[in-house]
Structure formats: structure tokens, C-alpha cells
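So that you can map any letter, position 463 of the sequence shown is 463 in full-length UniProt numbering, and since no number is skipped, the others follow by simple counting.
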Amino acid sequence: MSKDKYFIIDFDSTFTQVEALDELGAISLQNHPERSQLLDQIKEITDSAMAGQSSFSKGLTERLALLQAHQNHLPQLISRLREKVSESIRRNRDFLHQYADQIYIISSGFKEFITPIVTEYGIKEENVYANTFKVDAQGNLVGFDEANPLCLDKGKIRLLEQLALPGDVYVLGDGYTDYEIKEAGLANKFYAFTENVVRDNVVAKAEHIAPTLDEFLYQNKLPMAISYPKNRISVLLLENIHPQAVELFRHEGYQVETISGALSEEELCEKIKNVSILGIRSKTQVTRRVLEHANRLMCVGAFCIGTNQIDLNACLEAGITVFNAPYSNTRSVVELALGEILILSRNVLDKSNKMHQGKWDKSAKGSFEVRDKKLGIVGYGNIGAQLSVLAEAMGMEVYYYDVVEKLQLGNARKCHSLHELLSKADIVTLHVDGRPENKNLIGAEEFAAMKDGVIFLNLSRGHVVDIEALVQSIKSGKVSGAGVDVFPEEPATNSDPFESELCGLPNVILTPHVGGSTSEAQENIANFVPNRIMDYINSGNTYGSVNFPNLQLPELKNAHRLIHIHANVPGVLASINQVLAQNHVNILGQYLKTNERVGYVITDIDKAYDKQVVNDMKQVPHTIKFRILY
Numbered sequence: 001m002s003k004d005k006y007f008i009i010d011f012d013s014t015f016t017q018v019e020a021l022d023e024l025g026a027i028s029l030q031n032h033p034e035r036s037q038l039l040d041q042i043k044e045i046t047d048s049a050m051a052g053q054s055s056f057s058k059g060l061t062e063r064l065a066l067l068q069a070h071q072n073h074l075p076q077l078i079s080r081l082r083e084k085v086s087e088s089i090r091r092n093r094d095f096l097h098q099y100a101d102q103i104y105i106i107s108s109g110f111k112e113f114i115t116p117i118v119t120e121y122g123i124k125e126e127n128v129y130a131n132t133f134k135v136d137a138q139g140n141l142v143g144f145d146e147a148n149p150l151c152l153d154k155g156k157i158r159l160l161e162q163l164a165l166p167g168d169v170y171v172l173g174d175g176y177t178d179y180e181i182k183e184a185g186l187a188n189k190f191y192a193f194t195e196n197v198v199r200d201n202v203v204a205k206a207e208h209i210a211p212t213l214d215e216f217l218y219q220n221k222l223p224m225a226i227s228y229p230k231n232r233i234s235v236l237l238l239e240n241i242h243p244q245a246v247e248l249f250r251h252e253g254y255q256v257e258t259i260s261g262a263l264s265e266e267e268l269c270e271k272i273k274n275v276s277i278l279g280i281r282s283k284t285q286v287t288r289r290v291l292e293h294a295n296r297l298m299c300v301g302a303f304c305i306g307t308n309q310i311d312l313n314a315c316l317e318a319g320i321t322v323f324n325a326p327y328s329n330t331r332s333v334v335e336l337a338l339g340e341i342l343i344l345s346r347n348v349l350d351k352s353n354k355m356h357q358g359k360w361d362k363s364a365k366g367s368f369e370v371r372d373k374k375l376g377i378v379g380y381g382n383i384g385a386q387l388s389v390l391a392e393a394m395g396m397e398v399y400y401y402d403v404v405e406k407l408q409l410g411n412a413r414k415c416h417s418l419h420e421l422l423s424k425a426d427i428v429t430l431h432v433d434g435r436p437e438n439k440n441l442i443g444a445e446e447f448a449a450m451k452d453g454v455i456f457l458n459l460s461r462g463h464v465v466d467i468e469a470l471v472q473s474i475k476s477g478k479v480s481g482a483g484v485d486v487f488p489e490e491p492a493t494n495s496d497p498f499e500s501e502l503c504g505l506p507n508v509i510l511t512p513h514v515g516g517s518t519s520e521a522q523e524n525i526a527n528f529v530p531n532r533i534m535d536y537i538n539s540g541n542t543y544g545s546v547n548f549p550n551l552q553l554p555e556l557k558n559a560h561r562l563i564h565i566h567a568n569v570p571g572v573l574a575s576i577n578q579v580l581a582q583n584h585v586n587i588l589g590q591y592l593k594t595n596e597r598v599g600y601v602i603t604d605i606d607k608a609y610d611k612q613v614v615n616d617m618k619q620v621p622h623t624i625k626f627r628i629l630y
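In C-alpha cells:
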């Protein structure tokens, strides 16, 4: 590349993930009685100036007055900023060293904390332009050098005019002052950097968006630390997925967008375009129609146990893998079930409600220990089996029923029919999946088969219970207490109303689908699902996928990996190998797994090969998807 191209990089919220003066305030105001209010004021002034909504120069003066900072605070600030360097900056340290002569840091921050950070990444000290503090006799930071153009409104424009760089100028930054350089005609291109913060009015003005430094480097054909495919992978996470998942995907170099609630089918059809990875929980429906609009989708991650909200067959036909979290919230659901069993057995809920009404009802009527009671578990999967163990430890006699043959744990007894279990159990708890054939699994006939005074729990899926039959069984006394966490119709967001015939019934615990909603479970899920997805994207492993043939592959070493997904019809593997032979490609290893619908072939080949093989592989008859890993 010629030496007549210059790269201007902002510091705050670009080179680092944070605004340095906000961080300085957190240090300098640590023991101030009005710390929170002052920090909010500082942040508000910062955001207003960065969005171009107020005078930068005036805001800088106001912030320094609020900070009440001392030069002794700067070493602590520098240490903190070292930990906050943007991930894509860290990844591309080699680029910063290689192009050091052409890279300028131009910031309205202060050299005293900027220079020590950026020079560690190869930036030349003489290429750092920023303000400098004025310090009084006691060491207080009381102002700035007013002769420096960067302390003024449109200061970056004034500085660039003075520098008069003799070539093309490319600006990377998050603030309106960065956009103004391009607006003034002093830069060829401005890239709105959105890795750390998205300022809507800045993004609206920008002709180019750079979610990471990698994207900026890719668009300008510059060397970058990660490959094009990884850099271009976009992730859409819905329904308040735990921030740990966001962090993992971003650390990998993916572009991540989050939306707090679920999306309707229509909304998702529009939003799914150009998305590589979709992450959802239980409310978003991934239908065949949605998938028809998914032009780049590779994976769907269900950040929960169930996958009935996803059209698994349509995903399979489109070559889209689906991963879930079958174990991560198991303990949380089991603990809620046990807690509800104890509360309902002791009639605690009704007694507590009376106490809140000022009524004292000290009585043992309708209150029982769970020891020696018969617990009937319908569905003996991960949750049912763990509940079995803990319930037995509490002295309960455990029975279970499952349509699939399962090995019992401890002293649990298998029932050969649902009716047998229902007739034996003092407490019935459902832990089945959401398959269509389980709809109304428990209805009037099943409630009639239960013991009088049974306690009933549903923490599985809303549609597996006939709600009207449950209501009638509670009103008749057949069911003495119930715990329900899932419902046939559930509000899409927390602001929507909840309505149910179960509301107001005695000794009934209603919870808003929170069986797996503990901090521990959500963090476990947020670690498990992204790692499964990233392992698939980076190595081709499908182990743990709920819809794809499961393949666990060896590590990719000194080879390229061809991933071919195709309809499971005779002759495809032969066609793949014929293409490889015609292109004189040496196969280092090959792995095949099929199910009744698709075939999944992984081929490791020598790094030296004619690129025509890529086009030829895509043309193999019955190909669904093809990609290559380097």
C-alpha cells in the first residue's frame, strides 16, 4: 500500500471501550457524597457533546469542574484504561505497528492518559494529538491549554487543516466531531465505529459503518487479525439474553445486535436479513416463513431447553443448525419444583395471603410433610431425573413415567402407563417436552384418574395441560394445590397483561415462566450455547445440535476444511470426491454423518489447491450449503 493514505482514529469509545473522563470521575469522586448525581451529569454532558447536540468546548469546561480531579488520579486512570482497550484494537495490534507512520490518534481527550495507552500498541507519540491539562500548585486538574484547537468546537477540523496531510484521509470514530472532519471535506471517508457505543445521529450521517476495526480493515483491504468470514458474521440476540453471550460473540469478532423482547413473525422476517446467527428464548417463533427471508443464517441458538418454537425441519432443509441448552437450567427448574411442592403441601400460600390481610389462621388443617409422600414425575429427562434424586433425598417415594425407556436413578420406580402413575401419586409434576402430540396430555380424564386432594405442578409447556380441566379440578377439590409456570398463551413482553382462569384460585402458585430464570442458569446458558455455535462455525462440529447429524471432529491442523451439507440421496459423496479428484486435491481426512433428511460431509484437504474447487463443490447436485474453513 502507498504511503499517501492516513488513518485518523478517535480515542474515547473507539480505541478504548469507555469515555476516559467518565472513568476519571468514577475515581476522583469515589468518596463524594453526591457521586452518583455528579457522574450522571458528567455522562450527560459527554453524550450530548459526542452526539453534536451541545458545545464541546463549554462541555469540557463543565466536566473538568465537576470532576474535582487531581494529577495523582491519573496513574489509576491509565491502569483502568489499559484494561478497557477495545477488543478489535487488541486483535489488530500488528496493523497498528505496521502502519504506525500513517496512523494518527486525534482526540478531544487528554495526552496525559492517551499517550501511555496508545504507544503500547505501536502508535508514535508524535502522532498523538489531544488536549493537555492545566494543573494548579496543589496538583488539581483545573483546566486545559486554551491555545490547543482540540479544546474548541470543531477543533478536529482546525487541527486537520493545520496538519494538511498530503494524501487520502480515513476517519474511524464514534462521535459527531469525527463525522465533522468528513463533512468539512478533510477526509475521504468517515466510518462510524459501533463496537462500544452506537450514537444514532452519528450512524445516520455516516456513509460507512464499522462494527469493529476488523470491518474497517476489511473494507480498506488492509491486513487484519481475523479472517473475512468471522469478521462478517452478524449475530441477532432477542429476549434479553444474558450479557455474557454478547461478550463471547463480540470477543470472537462477530457483530452483535441485541433486542430486549420477542419479535413477531413479520418483524423477524424483516430483521433476519443478513443475520448469520439468531439467538432466542421461548417466545420468538422461528417459522418456515421467517427462514425464507434468512439469506445468510447459519445457526439458531435456543437459549433455553425447549425448541418447539423453532421449525426444526425447515432449518434442516435450509442447512441451518440448531443448538439449545439441555442441561444449563436443569437445577433451577428442579429447585422451583421442590419449593412449590413444599409450599403447596403446607398450604403456605393461602396462610401468607391471609396474614397480609391481617388474618391470623394458625391451623394444621391441610398441611402435610412431604416425607413418605408419593411423587409422580411425568417425563424422566434431565429435569425429571434430577428432581427424582433430590426428592428421594427428602424422603419421598418416587415414581416416573416416560414414553422413552429411561434408566431409573436411586430407588425411583418406573410406571408402565401414565394412568398407573396418576393413580399412585400424591403429587404429580410434569416435565415433558413441547412436541405436538403432548398437547392436552393432562385433561379431564387424567385429572379424574388422580387421587383426591392431589398436588399438581406444570413447569414444562403450557399446552400440555387442559386449563379448563385444571380449573374445574381445583374448584371441586380434586386438586388441593397447583403450581403453574407455563401457559398456553403468554404475554410477549413484561408490559403486556396476563390473563388466566387460574387467577384467584386458592392454593395456586402462578409464576411467569421463570423455572429456568435464575442468575446461575442464565449465565450457564449464555456460556453453553455460544460455545456450541462458535465451535460449529470455527471447526464444523455439530455435536449437541438438535436437528443435524452429530459429528465431533478432530482439531483442524495445517489444512483447510470443506463443509458440505446436502440432501441425503445416493451418490453425493461420490460426486464430492470426483470434484476433488478432478481438481487434484489431496484429501487428509473425511468424515460423513447422515440422518433421514440430510448428509453432512467434512473433508480436510491440503492448503495448496486451485480455488476452482470451491465453485465446483457448490455445483454438486443436491447441495444445500457449502463453506470452507481456513
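Cβ atoms here follow ideal geometry from the backbone N, Cα and C, with glycine treated the same way.
Coil, strand or helix - residue i by DSSP
i: Ile45; result: helix
i: Cys315; result: helix
i: His356; result: helix
i: Lys374; result: strand
i: Thr284; result: coil
i: Ile8; result: strand
i: Phe15; result: helix
i: Ser517; result: coil
i: Thr511; result: coil
i: Ile241; result: coil
i: Ser473; result: helix
i: Tyr536; result: helix
i: Thr542; result: coil
i: Cys415; result: coil
i: Phe249; result: helix
i: Ile27; result: helix
Nearest-angstrom Cα separation, counted from residue j out to residue i
i: Tyr179; j: Leu21; result: 21 Å
i: His584; j: Lys607; result: 12 Å
i: Lys351; j: Gly504; result: 14 Å
i: Arg199; j: Thr16; result: 16 Å
i: Tyr228; j: Val398; result: Caution is warranted here: a pLDDT of 46 is assigned to Tyr228, below 50, making its placement in the model unreliable, and the coordinate value is therefore given only provisionally. Distance between the alpha carbons of Tyr228 and Val398: 55 Å.
i: Val275; j: Ser363; result: 59 Å
i: Thr603; j: Thr321; result: 18 Å
i: Met1; j: Leu163; result: In this predicted model, Met1 has a pLDDT of only 39, less than 50, meaning its place in the structure is not dependable; the value taken from the coordinates is given anyway. Going from the Cα of Met1 to the Cα of Leu163 covers about 22 Å.
i: Leu248; j: Met298; result: 17 Å
i: Ser480; j: Ser460; result: 20 Å
i: Glu499; j: Asp485; result: 13 Å
i: Gly381; j: Arg346; result: 28 Å
i: Thr623; j: Tyr591; result: 17 Å
i: Ser13; j: Thr212; result: 12 Å
i: Lys5; j: Asn196; result: 26 Å
i: Gly571; j: His564; result: 14 Å
i: Pro223; j: Val85; result: 20 Å
i: Ala69; j: Leu141; result: 6 Å
i: Lys625; j: Leu551; result: 17 Å
i: Val135; j: Leu29; result: 18 Å
First and last residue of the uninterrupted alpha helix (DSSP H) at residue i
i: Gln408; result: First-last for Gln408: undefined, no H or E at that position.
i: Leu236; result: Looking at the DSSP string, Leu236 is not in any alpha helix (DSSP H); the run it does join, the beta strand (DSSP E), is Ser234 to Leu237.
i: Glu215; result: Leu213 to Gln219
i: Phe447; result: Ala444 to Ala449
N- and C-terminal bounds of the beta strand (DSSP E) containing residue i
i: Cys304; result: Careful: Cys304 lies outside any beta strand (DSSP E) and carries neither H nor E.
i: Gln255; result: Gln255 to Thr258
i: Arg561; result: His560 to Ala567
i: Glu458; result: It is Asn, not Glu, that sits at residue 458 in the sequence shown. Per DSSP, Asn458 belongs to the beta strand (DSSP E) from Val454 to Asn458.
Within 7 Å, strictly: CB atoms of residue i and residue j
i: Met396; j: Leu375; result: yes
i: Gln41; j: Leu24; result: no
i: Leu457; j: Gly434; result: no
i: Leu312; j: Thr284; result: no
i: residue 640; j: Ile509; result: The first residue shown for the chain is 1 and the last is 630, placing residue 640 beyond what the model contains.
i: Val235; j: Val256; result: yes
i: Gln244; j: Ser282; result: no
i: Gly462; j: Phe487; result: yes
i: Leu280; j: Glu239; result: It should be pointed out that residue 280 corresponds to Ile in this sequence rather than to Leu. Yes, the pair counts as a contact, with Cβ atoms nearer than the cut-off.
i: Ile277; j: Ile8; result: no
Which residue spans inside the segment 101-165 form an unbroken alpha helix (DSSP H) run of at least 4? Runs of the alpha helix (DSSP H) inside the segment 101-165: 111-118 and 155-163.
Could you name each continuous beta strand (DSSP E) segment of 3 residues or more that falls completely within the segment 572-629, going from the start of the chain to the end? As far as the segment 572-629 is concerned, its whole beta strand (DSSP E) runs of at least 3 residues are 587-594, 598-605 and 623-629.
Just list the alpha helix (DSSP H) runs in the segment 47-93, keeping only unbroken ones of 4 residues or longer that don't cross its boundaries, in chain order. Within the segment 47-93, the complete alpha helix (DSSP H) runs of at least 4 residues are 56-67, 74-82 and 87-91.
Could you tell me which uninterrupted alpha helix (DSSP H) segments, each at least 4 residues in length, are contained entirely in the segment 160-210, listed from first to last along the chain? Runs found: 176-183 and 200-205.
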